[in-house]
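Trainee: If you read the sequences in order, they're chains A and B.
Take the first sequence: its letter number 114 is residue 195 in my numbering, and every next letter is one higher.
Take the second sequence: its letter number 151 is residue 232 in my numbering, and every next letter is one higher.
Ideal placement from N, C-alpha and C gives every residue a C-beta, glycine not left out.
Number of protein chains: 2
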Amino acid sequence: MKEIKTIVVNRSAYADNDEEAELLRAYLKDHGTFLVNLMSSPGAGKTTTLTALINLLKKDYRIGVMEADIDSDVDALSIAKNTGVKSIQIHTSGMCHLDAGMTKSGLDSINISDLDLVFLENVGNLVCPAEFDTGASMDMMILSIPEGDDKPLKYPLVFEKCDLVLINKIDAIDYFDFDMEKCKKTILMRNPNATIIEISAKTGKNINEVVNYFHNKLNSWRAN
Amino acid sequence: MKEIKTIVVNRSAYADNDEEAELLRAYLKDHGTFLVNLMSSPGAGKTTTLTALINLLKKDYRIGVMEADIDSDVDALSIAKNTGVKSIQIHTSGMCHLDAGMTKSGLDSINISDLDLVFLENVGNLVCPAEFDTGASMDMMILSIPEGDDKPLKYPLVFEKCDLVLINKIDAIDYFDFDMEKCKKTILMRNPNATIIEISAKTGKNINEVVNYFHNKLNSWRAN
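(1) With three or more beta-carbon pairs closer than 8 Å as the criterion, would you say the region 233-246 of chain B touches the region 123-139 of chain B?
(2) Could you name the residues of the same chain whose beta carbon sits closer than 7 Å to that of V291(A), not counting the 5 residues immediately before and after it, in chain order?
(3) Is the CB-CB distance between K86(A) and S190(A) below 8 Å?
(4) Note down the Cα distance separating D111(A) from L105(A), rounded to an integer number of angstroms.
(5) Does the contact criterion of 3 or more C-beta pairs under 8 Å hold for the region 231-238 of chain A versus the region 227-244 of chain B?
(6) Just to confirm, does N192(A) get its C-beta within under 7 Å of one of the non-hydrogen atoms of the ligand ZN?
(7) Thinking C-beta only, is Y142(B) closer than 8 Å to L47(B)?
(8) Which runs of the alpha helix (DSSP H), 4 residues or longer, sit entirely within the region 128-176 of chain A?
(9) Using the beta-carbon of each residue, which ones in chain B are nearer than 9 Å to S218(A)?
(10) Measuring CA to CA, which of I171(B), T164(B) and L138(B) is closest to S153(B)?
(11) Using a cut-off of 7 Å between C-beta atoms, extract the partners of S153(B) located in chain A.
(12) Run down chain B in chain order and give the residues with a C-beta less than 8 Å from the C-beta of C264(A).
(13) Along the region 159-193 of chain A, where does the CB come closer than 8 Å to a CB of chain B? Name the residues.
(14) If you draw a straight line from the C-alpha of F259(A) to the C-alpha of D230(A), how long is it?
(15) My understanding is that G182(B) touches E103(B), with C-beta atoms under 8 Å, so please give their C-beta distance in whole angstroms.
(16) Which residues in chain B sit within 7 Å of S225(A), going by Cβ to Cβ distance?
(17) How long is the line joining the alpha carbons of N287(B) and N272(B), rounded to whole angstroms?
(18) Distance, Cα to Cα, N136(A) vs A125(B)?
(19) In this structure, does DSSP put N293(A) in helix, strand or coil?
(20) Exposed or buried, K232(A), counting other C-beta atoms within 10 Å across all chains shown (16 or more means buried)?
(21) Going by DSSP, name the residue or residues bridged to T276(A).
(22) Measure the alpha-carbon distance for G205(A) versus G113(A) and round it to whole angstroms.
(23) Is the distance from the Cβ of D255(A) to the Cβ of K283(A) below 8 Å?
(24) Beta carbon of K139(A), beta carbon of M219(A): below 8 Å?
Below, the structure written as structure tokens:
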């Protein structure tokens, strides 16, 4: 198994996170590195989804992963073992989210000079990560079936912010009272431009659709 | 359906939350009102569990519920409709947790003079709520099977802090890779004094054990 690099980051000294996030987005564009900020509740399947996705994307892109967590290293180890791509662990010093300064520290540590695509797995939390622009090129989130179809109503900001919403664990849909149409309608009411894809990271269902989404997204990002 | 009172709270002006929390605990003891702070991830089953529990406890105690949420009123409406007990909605003004001052505002609004037992449903989040003492008489949490058995490793503080940990959705355990013994071992490593009860709020399984836990807890609290 690869050795995992762990860095500890603290809240940025910059007062204006939004300004710093815009600078980071421009820096990433200059370097040709597309950064994806991935958010969800704890246990929605971020690491499993990233593993399935990266294994299909890695033949076309040089990929890196930054796993943000309060305390443990289990996700970065799992990603490194199961995908082989470069991955680091970011410890947030107890913080419940990442801001642009913390994200930049992570990027400096992973070294983006040889990377086309970097996934940032944010802290598992539907509230705080949505309030801070990390400077990523795009935001995505995962909602999982067992969490319930009312989450877009209760945690509106994260759904408003994300270009891509994956609805995961659809293999378990018969087990839970989850109204897919109602859920999608609420998401689109919050965010009419959201792309919503139903997936099962466990069985691999529709992961190819997510792969196509990223091909299109990177092509259009590079062209602009 | 009852009309739901909604209050909006802001971060307390008091610098020292811990001090304010201790004062609140003493105030509750003077009034003979036991306050339970309930934490979990979004979608772990806080409202469903509270509903099942309150319907078994309400013959013995005068119960109130404070539902904290960033934006919606759906939980307070659901509790009022399905249990008939007094319930209010607390809007946190975007905050990801409650502190002792915000909790006191809620208690003033619900009026505890005729209440023996109040449940505070904190914002769905495993990170921030654990960092702030609300002043409650006890802390409890719900972990649900679909979230995974590694959560005590990844969100240690909330597990360290809670007297009672309910493991919910055990009706769905065959559907997920969840190692119950490993999970319990990790929780007890973090918090050797935790009481852990496996439940299904959906089917009602073991809710009577939780009822017994509260009878014992209130008896010993009143005796001290």
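Mentor: Straight from the coordinates:
(1) no
(2) L134, L247, I278 and I280
(3) Between K86(A) and S190(A), the C-beta gap is smaller than 8 Å, which places the two residues in contact.
(4) 10 Å
(5) no
(6) Among the ligands in the structure shown, none appear at all, so the ligand ZN cannot be discussed.
(7) This structure cannot speak to residue 47(B), because chain B is shown only from 82 to 305.
(8) 155-164, all fully within the region 128-176 of chain A.
(9) Chain B residues near S218(A): none, gap ~25 Å exceeds 9 Å.
(10) Comparing alpha-carbon positions, the option among I171(B), T164(B) and L138(B) lying closest to S153(B) turns out to be I171(B).
(11) L234 and K235
(12) Within chain B, no residue comes near C264(A); the closest Cβ sits about 12 Å away, beyond 8 Å.
(13) G175 and C177
(14) D230(A) has its alpha-carbon roughly 5 Å from the corresponding atom of F259(A).
(15) About 13 Å separates the two Cβ atoms, so there is no contact after all.
(16) P227
(17) 22 Å
(18) 30 Å
(19) In the structure shown, N293(A) sits in a helix (DSSP, three-state: H, G or I).
(20) buried
(21) L245(A)
(22) 28 Å
(23) no
(24) no
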